[in-house]
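Asks: Please read through the structure below; I'll follow up with questions.
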Amino acid sequence: METFTIIWIVFVLVILLYRMIFQKFKEHNRENIGLSGILIIFTWSNNSSIQMNQIVFFAIIAIAAYSAVVNGMLLTRKINEPERLS
14 METFTIIWIV FVLVILLYRM IFQKFKEHNR ENIGLSGILI IFTWSNNSSI QMNQIVFFAI
74 IAIAAYSAVV NGMLLTRKIN EPERLS
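Numbers given in this note's numbering equal positions in the sequence shown, counted from 1, plus 13.
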């Protein structure tokens with residue numbers, strides 16, 4: 014169970030980092046917010062069972078929170094921006 018939890022956390026973190034670095038959060042904003050929320054909840058709830066280092070724990074939470082905030086800003090900008098005529 015512990016191995017599955019670590020693999021799950023690393024998988025979601027890699028997806029977020031890939032979208033952050035290579036796609037620069039240009040699309041899939043709602044999915045990124047959801048992934049960030051899942052990562053925060055899953056990491057926070059399993060912190061005591063995994064016994065991970067506190068620095069790694071806070072780094073994962075910080076990356077997920079940063080991703081959620083940036084994607085939230087991009088999503089609201091995309092929704093509120095008037096459509097331009099081409």
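Beta carbons: idealized from backbone N, C-alpha and C, even for Gly.
For L30, count neighbouring C-beta atoms within 10 Å of its own C-beta (all shown protein chains included) and say buried if the count is 16 or more, exposed if not.
Replies: Here residue 30 refers to the residue found at position 17 when the sequence shown is read from its first residue. When all chains shown are included, L30 counts as exposed.
Asks: Which complete alpha helix (DSSP H) runs does the stretch 45-99 hold, if anything under 4 residues is left out?
Replies: Counting only runs of 4 or more, we get 60-63 and 67-93.
Asks: Given a threshold of 16 other Cβ atoms within 10 Å of its Cβ, counted over all protein chains shown, does V23 qualify as buried or as exposed?
Replies: Translated into the one-based positions of the sequence shown, residue 23 becomes position 10. V23 comes out exposed.
Asks: On a Cα-Cα basis, can you pick out the residue from G47, I34, M65 and I54 that is closest to V82?
Replies: Taking the first residue of the sequence shown as 1, we reach residue 82 at position 69. Nearest C-alpha to V82: G47.
Asks: Give the secondary structure of F38 by DSSP, where H, G and I count as helix, E and B as strand, and everything else as coil.
Replies: Within the sequence shown, numbered from 1, the residue matching residue 38 stands at position 25. The answer is coil: DSSP assigns F38 none of H, G, I, E or B.
Asks: Say whether chain C places a C-beta atom closer than 8 Å to the C-beta of V27.
Replies: Among the protein chains of the structure shown there is no chain C, as only one such chain exists.
Asks: Going by beta-carbon coordinates alone, are I107 and T56 separated by less than 8 Å?
Replies: Lying outside 14 to 99, the shown extent of the chain, residue 107 is not represented and no answer is given.
Asks: From I53 to S61, what distance separates their C-alpha atoms?
Replies: In the sequence shown, the residue the question calls residue 53 occupies position 40. In the sequence shown, the residue the question calls residue 61 occupies position 48. Approximately 14 Å, taken between the alpha carbons.
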